[in-house]
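In our numbering, the protein residues as written are 107 to 271.
Read through the structure below, which is laid out as structure tokens, and then see the notes.
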Amino acid sequence: MTPEIVWGSARDERRLLDAETVPARHPVRLFHEYYLSRRERDGYLDRKALDPAELVTLLPWVQILEEMEDGSFNHRLIGTAVTDLVGLDNTGKPFGYGISDDFKELRLEEFQAAFRTGDPVFSRSSLMQDDRSFITVIRGVFPGKAGRRRLVYMPLAAEEKRLYE
């Protein structure tokens with residue numbers, strides 16, 4: 107079930123998805139399967155439960171963001187496939203760098219919905235490439251934690267991407 111989200115001004119640019127509609131073998135779907143096997147009762151995936159050795163194929167498609175004391179988010183990790191897809195390596199930078207305010211607002215709404223419900227949020231949107239063309243991407247926003255800090259696990263991949271083919 108898709109968590110209820112209060113829409114921002116760019117709402118027409120995003121389409122929320124149910125988990126079942128994310129294609130099989132898509133990186134977001136595969137991360138969702140891993141998340142379901144490891145999340146805690148509150149729905150959050152504790153960083154201690156995440157084993158990078160089990161996610162070698164998926165980690166290039168994952169971003170990990172950490173909530174700071176002031177409520178903002180910083181990128182802790184940007185997978186290499188995400189960096190290639192978006193054309194930026196935002197590791198260590200504040201969330202929102204390189205994206206429009208409208209898209210930042212939408213993602214923050216997704217973060218808060220995932221934290222509030224303990225359920226992931228899935229969406230599809232367009233992403234501009236270096237040559238100014240657009241591709242459709244699917245992303246997941248998964249609630250996580252590391253100690254007392256909240257984390258966001260955010261896999262992202264082109265809609266047609268499949269792993270293990």
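Note that beta-carbon positions come from the ideal geometry of N, C-alpha and C, so glycine has one too.
Remember, it's a predicted structure, so these values are computed and weren't measured experimentally.
In this structure, what does DSSP give as the bridge partners for residue i?
| i | result |
| --- | --- |
| residue 252 | 255 |
| residue 196 | Answer is none; residue 196 lacks a bridge partner. |
| residue 263 | 244 |
| residue 231 | 243 |
| residue 152 | 251 |
| residue 121 | 230 |
Excluding the five sequence neighbours on either side, which residues of its own chain have a C-beta within less than 6 Å of the C-beta of residue i, listed in chain order?
| i | result |
| --- | --- |
| residue 110 | For residue 110, the predicted model reports a pLDDT of 49, less than 50, meaning its position is unreliable; a value from the coordinates is still stated below. So the list is empty, once near-sequence residues are dropped. |
| residue 205 | none |
Got a sec? Which residues, its chain only, sit under 8 Å from residue i by beta carbon, not counting five neighbours each side?
| i | result |
| --- | --- |
| residue 236 | 193 |
| residue 273 | Given that the chain is displayed from residue 107 to residue 271, the structure contains no residue 273 and the question cannot be resolved. |
| residue 232 | 119, 240, 241, 242, 243 |
Count the other CB atoms, across all protein chains shown, that sit within 10 Å of the CB of residue i; report buried if there are 16 or more and exposed otherwise.
| i | result |
| --- | --- |
| residue 256 | buried |
| residue 240 | exposed |
| residue 246 | buried |
| residue 150 | buried |
| residue 126 | exposed |
| residue 178 | exposed |
CB-CB under 7 Å to residue i, same chain, minus the five flanking residues each way: which ones, in chain order?
| i | result |
| --- | --- |
| residue 169 | 181, 183, 184, 185, 188, 260, 262 |
| residue 167 | 133, 185, 187, 188, 261, 262, 263 |
Taking a contact to mean a Cβ-Cβ separation below 8 Å, would you say residue i touches residue j in this structure?
| i | j | result |
| --- | --- | --- |
| residue 123 | residue 244 | yes |
| residue 121 | residue 229 | yes |
| residue 251 | residue 176 | no |
| residue 140 | residue 161 | yes |
| residue 71 | residue 145 | With the chain covering only 107 through 271, there is no way to say anything about residue 71. |
| residue 242 | residue 216 | no |
| residue 221 | residue 249 | yes |
| residue 268 | residue 129 | yes |
So with Cβ pairs under 8 Å, would you call residue i a contact of chain C?
| i | result |
| --- | --- |
| residue 230 | Considering every chain present, this structure includes no chain C. It has just one protein chain. |
Handout entry: Those runs of the beta strand (DSSP E) which lie wholly inside the segment 168-217 and span at least 3 residues
Key = 168-173, 179-184
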